[in-house]
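Numbering (the numbering used here), first residue to last: 1 to 377.
Cβ coordinates follow ideal geometry from the N, Cα and C atoms, glycine included.
Structure, rendered in structure tokens:
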């Protein structure tokens, strides 16, 4: 209680139950594999810091075998939340950005993965390609899209968008006279499945079961084809990225601020996560670190449970988080998607990043949430 200020009346029980269901809806966006590639080296000028500064720190002014730091980067999915932020930051740091999107716009190269259309000139001469595009796994179709249930047609779109899009990027790279030095392809920790809450999964962990694990396997197989072209391939298996600027956390904040948050099911399911700062720093590190290749988990070294996440978010906001969503309700409302993404979980750890010398700014959830919310990161 804050002295000198009137207390708000708590929401009525029926309203609180509705808010609990709403909290589940917004968690869906956290699990989209293509959601998380942001550049965020902290600097005094911007919450997203200097890309060139990072490269200079890592390489001493230039990549091995290259006379200078990166000058140009092509980004697919450039009109999305992450692509937009990344493109702006790179431009601020003097990097030429080739924006590739399915949505027309000024300075955008329009592509159509389903039709196999991507102008090679969009990639010609760039130093790196960052591939972010893909159908949102956290939404459904039609009037109930927000619920996120997977219909057969939705699942087909999720898979095809990743297979076809990545295949088109690699096929286009093959046509280039000067190929990029690296292809960074977004992926997800969903590769390990959501059935095992006890095993700790590093990049050597086996593929799990479930739809998303199959999607990631097919997606990464297409990216790996670029290695045959002499291009270094990094597959960033992102955990849900925490940021007030987008994704699940941004949508959960209003609900939790009103005391409407709570556990999903038992709350015992494991939850891998990463702060926006560390997700961005890890992405930039992958682009500029030649020793990194293959699968790279991008997640905090300290995974938590759903109950721990709920409690820490409530604590960071000084609000209760006691409106649970029972497991049977989640199964009925969200179907296969709910069983896999909301009621399941896994403990992923960033072994490859740590071996390469990467240091996390936000390894622990509680302080990370406090910093993210207070700094509006």
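(message) Please classify residue 362 as buried or exposed, where buried requires at least 16 other C-beta atoms within 10 Å of its C-beta.
(response) buried
(message) For residue 276 and residue 231, which I take to be in contact (beta-carbon distance under 8 Å), what is that distance rounded to the nearest angstrom?
(response) The Cβ separation is near 27 Å, so there is no contact.
(request) Compare the beta carbon distance of residue 114 and residue 96 with 8 Å and say whether it is the shorter of the two. (result) no
(message) Going by DSSP, what residue range makes up the alpha helix (DSSP H) through residue 355?
(response) 351–355
(message) Suppose contacts are defined by Cβ-Cβ distances below 8 Å. Is residue 247 in contact with residue 178 by that definition?
(response) no
(message) As an exercise, report each continuous alpha helix (DSSP H) stretch of at least 4 residues that is fully enclosed by the region 234–297, in chain order.
(response) 247–257 and 276–288
(request) State yes or no: is the C-beta of residue 239 within less than 8 Å of the C-beta of residue 348? (result) yes
(message) What does the alpha-carbon distance come out to for the pair residue 163 and residue 219?
(response) 5 Å
(message) As a quick exercise: from 377, 308, 359 and 324, pick the residue whose alpha carbon is nearest that of residue 242.
(response) 377
(request) Let me know if residue 324 comes out buried or exposed under the rule of 16 or more other beta-carbons within 10 Å of its beta-carbon. (result) buried
(message) By the three-class DSSP mapping on this structure, what secondary structure does residue 98 have?
(response) strand
(message) So, with DSSP's three-state summary, where would you put residue 119?
(response) coil
(request) Return the CA-CA distance between residue 127 and residue 191, expressed in angstroms with no decimal places. (result) 28 Å
(request) May I ask you to report which of helix, strand or coil DSSP gives residue 8? (result) Below a pLDDT of 50, predicted positions are generally treated as unreliable, and residue 8, at 45, falls in that range; no measurement from the model is reported.
(request) Return yes when the Cβ of residue 133 is within less than 8 Å of the Cβ of residue 74, no when it is not. (result) no
(message) Here's the rule I'm using: 16 or more other beta-carbon atoms within 10 Å means buried, otherwise exposed. How should residue 106 be labelled?
(response) exposed
(message) One question on the structure: do residue 203 and residue 296 come within less than 8 Å of each other, judged by their Cβ atoms?
(response) yes
(request) Find the nearest neighbour of residue 213 within the set 137, 294, 84 and 143, judged by alpha-carbon distance. (result) 137
(request) Would you identify the three-state DSSP class for residue 338, choosing helix, strand or coil? (result) helix
(message) Given a cut-off of 8 Å on the beta-carbon distance, is the pair residue 205 and residue 194 in contact?
(response) no
(request) Following the continuous beta strand (DSSP E) through residue 159, name the residue where it begins and the one where it ends. (result) First-last for residue 159: 152–175, but that is the alpha helix (DSSP H), not the beta strand (DSSP E).
(request) Please report the residue range of the alpha helix (DSSP H) in which residue 375 lies. (result) 365–375
(message) Within the continuous beta strand (DSSP E) that includes residue 184, where are the two ends?
(response) 182–188
(request) Take every Cβ of the region 335–343, pair it with every Cβ of the region 279–291, and state whether three or more of those distances are shorter than 8 Å. (result) no
(request) Go ahead and pull the three-state DSSP assignment for residue 211. (result) helix
(request) With DSSP as the reference, please indicate the residues paired to residue 347 in a beta bridge. (result) 200
(request) Can you check DSSP and say which residues form a bridge with residue 93? (result) Paired residue(s): none; residue 93 is not in a bridge.
(message) Considering just the uninterrupted stretch of the beta strand (DSSP E) at residue 74, what are its terminal residues?
(response) 72–76
(message) Rounding to the nearest angstrom, what Cα-Cα distance links residue 357 and residue 103 in this structure?
(response) 38 Å
(request) Quick one: using the 10 Å Cβ neighbour count with 16 as the cut-off for buried, is residue 170 buried or exposed? (result) buried
(request) Go ahead and label residue 45 buried or exposed: buried means 16 or more other beta carbons lie within 10 angstroms of its beta carbon, across all protein chains shown. (result) Low confidence applies to residue 45: its pLDDT is 34, below 50, so where it sits in the model is not reliable enough to give any reading.
(message) Please report the straight-line C-alpha distance between residue 30 and residue 217, rounded to a whole angstrom.
(response) Confidence at residue 30 is low in this model, with a pLDDT of 49, below 50, so its placement is unreliable and no value can be given for it.
(request) Note down the Cα distance separating residue 150 from residue 223, rounded to an integer number of angstroms. (result) 25 Å
(request) Check the C-beta distance from residue 176 over to residue 254 and give it rounded, since I have them as a contact under 8 Å. (result) So it is not a contact: roughly 46 Å between Cβ atoms.
(message) Suppose contacts are defined by Cβ-Cβ distances below 8 Å. Is residue 274 in contact with residue 234 by that definition?
(response) no
(message) Checking 8 Å against the spacing of the C-beta atoms, do residue 313 and residue 258 come in under that value?
(response) no
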